[in-house]
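Residue numbers (the numbering used here), protein chains in the order written: chain W, 1026 to 1143; chain H, 85 to 263.
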Amino acid sequence: MTSTTNTTNTTSTTTTTSIAGLDVCVDHEGFMTVYDEWSDEICVALAAAIGIGELTDDHWAAIRFLRADFAEQGETATLRRVNRVGGIATKRLFQLFPKKPAKKMAYVAGLPKPHGCV
Amino acid sequence: MTVTETTATATATETAPAVMPDFGDDDADRTMCFICSKGTLDMAYPALVMANGALGEGIDVHLFFTFWGMDMITKKTMGDLKFTILGNPATHMPQGLGGVPGMTAVATKMMKKQIADLDVPEIPEFLELLVDSGAHLWACRMSVDMMKLDQDDLFDGVEDIINVTDFMELSDDAQIIFV
């Protein structure tokens, strides 16, 4: 395994780890750091790792919104933004990604944790 | 520069990643209770923002509204909280200015715009967001009696009117934050 990491996160160390048989860059907590290394297969593996065994259409809708929004905005959407702009009910997000929906969504979508307060 | 670590577990493909966030799913349940006792716009937001953050972290949240905090959940007033520079030296404005007629309306308008610019909702919508996220809202019995209100006067998301003993029971082992 060689170091080819070009991280955008200057505050923490990036590590390479293996997800779904692929080497990907993650930060010290395990959130992926390279947008283009993410794939549907990786997403399924990440979801399984945090106890979400099956990704339904509703899961995918949230994940796809998060990915597209990040590509446009350069930062991970907060729950409120997923609700307001993505049109997914907050209640539903808590059902899909129990307890810590914003962080869990970001994790499986291969994005950094959201930084917004609301 | 970045450092690449090769660990033994990283070679174990098709299993959980070697480095994973701790989502705290196995942690004991944590409960936070916010006592909202103020009815000004600037004092309404801190508890709501913190409560929202707590809910997003999987924490059980209760909000207990008392005294002037009742304005936050009373239908008639909840959409019309105000901000004044009077008695608030942190605005760094001459205090005399606060007494000028219309100044509170101007200050309120300015603060509402600043909050809206951050895409943070107004109080009624924020309370709906909190309820949708699983928060429990309670009204103070003594305040309701004092202000001659009843449940119908209150925001629909308020679960019940409870007394201090009820609050002590539900906040048992909780972290309590008084605002």
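All residues carry an ideal CB built from backbone N, CA and C; glycine is no exception.
- Would a check of beta-carbon distances place W:Glu1054 closer than 8 angstroms to chain H? Position 29 of the first sequence, counted from the first residue, corresponds to residue 1054 of chain W. By this cut-off, W:Glu1054 is an interface position.
- Using a Cβ-Cβ cut-off of 8 angstroms, state whether W:Thr1033 counts as contacting chain H. In the first sequence, the residue the question calls residue 1033 of chain W occupies position 8. Interpretation of W:Thr1033 is limited by its pLDDT of 49, a score under 50 that renders its predicted location unreliable; no figure is taken from the coordinates.
- Bridge-paired residues (DSSP) for H:Val103: Locating residue 103 of chain H in the second sequence gives position 19, counting from the first residue. For H:Val103, DSSP records no beta bridge to any residue.
- Query: Beta carbon of H:Ala131, beta carbon of H:Phe167: below 8 angstroms?
  - Reply: If you number the second sequence from 1, residue 131 of chain H lands on position 47. If you number the second sequence from 1, residue 167 of chain H lands on position 83. Taking a C-beta distance under 8 angstroms as the contact criterion, H:Ala131 and H:Phe167 do not qualify as a contact pair.
- Query: Can you name the residues of chain H whose CB is closer than 7 angstroms to the CB of W:Met1044?
  - Reply: Here the question's residue 1044 of chain W lines up with position 19 in the first sequence. According to the sequence as given, residue 1044 of chain W is Ile; it is not Met. Simply Pro101.
- Message: Extract the residue ranges of the alpha helix (DSSP H) inside the stretch 110 to 176 of chain H, only unbroken runs of 4 or more that lie entirely within it.
- Response: Whole alpha helix (DSSP H) segments, 4+ residues: 125 to 140.
- Query: Which residues, in order along the stretch 1085 to 1113 of chain W, keep a beta-carbon less than 8 angstroms from a beta-carbon of chain H?
  - Reply: The residues in question are Leu1104, Arg1105, Arg1106, Asn1108, Arg1109.
- Item | Other residues of its chain near H:Arg225: CB distance less than 7 angstroms, five sequence neighbours each side excluded | As a first step, residue 225 of chain H is located in the second sequence; it is residue number 141 there, counting from the start. Cβ neighbours of H:Arg225 beyond the five flanking positions: Ile245, Ile246, Asn247.
- Can you tell me whether DSSP reads H:Asp234 as helix, strand or coil? The count along the second sequence starts at 1 and reaches residue 234 of chain H at position 150. H:Asp234 carries a coil assignment under DSSP once its states are collapsed to helix, strand and coil.
- Message: Using the Cβ count rule (16 or more neighbours within 10 Å means buried), how would you classify H:Met195?
- Response: Here residue 195 of chain H is taken as the residue at index 111 of the second sequence, counted from 1. Looking at its Cβ environment, which holds 16 or more other Cβ atoms inside 10 Å, H:Met195 is buried.
- Query: Cβ of H:Asp240 less than 8 angstroms from any chain W Cβ?
  - Reply: Locating residue 240 of chain H in the second sequence gives position 156, counting from the first residue. Output row for H:Asp240: interface = no.
- chain H residues whose Cβ lies nearer than 8 angstroms to that of W:Val1051: As a position in the first sequence, residue 1051 of chain W is number 26, starting the count at 1. For W:Val1051, the chain H residues whose C-beta falls within less than 8 angstroms of its own C-beta are Pro101, Val103, listed in chain order.
- Query: Can you name the residues of chain H whose CB is closer than 9 angstroms to the CB of W:Val1143?
  - Reply: Position 118 of the first sequence holds residue 1143 of chain W. Contact annotation for W:Val1143 against chain H: Leu132, Val133, Asn136, Gly137, Leu202, Asp203, Val204, Pro205, Phe210, Leu213 [CB-CB distance below 9 angstroms, chain order].
- Item | Residues of the stretch 152 to 179 of chain H with Cβ closer than 7 angstroms to any Cβ of chain W, in chain order | Within the stretch 152 to 179 of chain H, contact with chain W at the beta-carbon level (separation under 7 angstroms) is assigned to no residue.
- Item | Nearest-angstrom Cα separation, counted from H:Ala128 out to H:Leu333 | As displayed, chain H neither begins before 85 nor continues past 263, which places residue 333 of chain H out of reach and without an answer.
- Endpoints, alpha helix (DSSP H) assigned at H:Ala210: Here the question's residue 210 of chain H lines up with position 126 in the second sequence. In the sequence under discussion, the amino acid at residue 210 of chain H is Phe, which differs from the Ala named in the question. Run containing H:Phe210: 207 to 216, per the alpha helix (DSSP H) assignment.
- Per DSSP, what kind of secondary structure is W:His1084 in: helix, strand or coil? On the first sequence, position 59 is the one that residue 1084 of chain W refers to. In the structure shown, W:His1084 sits in a helix (DSSP, three-state: H, G or I).
- In the DSSP assignment, find the unbroken beta strand (DSSP E) run with W:Thr1115 in it and report its ends. By 1-based counting over the first sequence, the position of residue 1115 of chain W is 90. It is not in any beta strand (DSSP E) - W:Thr1115 instead sits in the alpha helix (DSSP H) that spans 1115 to 1121.
- Can we say the stretch 109 to 125 of chain H touches the stretch 144 to 154 of chain H, given the rule of at least three CB pairs closer than 8 angstroms? Using a C-beta cut-off of 8 angstroms, the stretch 109 to 125 of chain H makes contact with the stretch 144 to 154 of chain H, since at least three inter-stretch Cβ pairs fall below that distance.
- Could you work out which residue in W:Asp1082, W:Asp1061, W:Thr1042 is closest to W:Phe1095 when comparing CA atoms only? Mapped onto the first sequence, residue 1095 of chain W falls at position 70. The shortest C-alpha separation from W:Phe1095 is found at W:Asp1061.
- Neighbour list for W:Ile1075 in chain H, Cβ cutoff strictly below 7 angstroms: Here residue 1075 of chain W refers to the residue found at position 50 when the first sequence is read from its first residue. Correct list: Phe107.
- Query: Ordered along the chain, which non-local residues of its own chain (more than five positions away) have a Cβ less than 7 angstroms from that of H:Gly108?
  - Reply: Position 24 of the second sequence holds residue 108 of chain H. Here the set comprises Gly142.
- Query: Shorter than 8 angstroms from the beta carbon of H:Glu243 to some beta carbon of chain W?
  - Reply: As a first step, residue 243 of chain H is located in the second sequence; it is residue number 159 there, counting from the start. So no, H:Glu243 is outside the interface.
- State whether the stretch 219 to 234 of chain H contacts the stretch 152 to 161 of chain H, with contact taken as three or more CB pairs (one from each stretch) at a distance under 8 angstroms. Judged by Cβ distances under 8 angstroms, the stretch 219 to 234 of chain H makes contact with the stretch 152 to 161 of chain H, as three or more pairs qualify.
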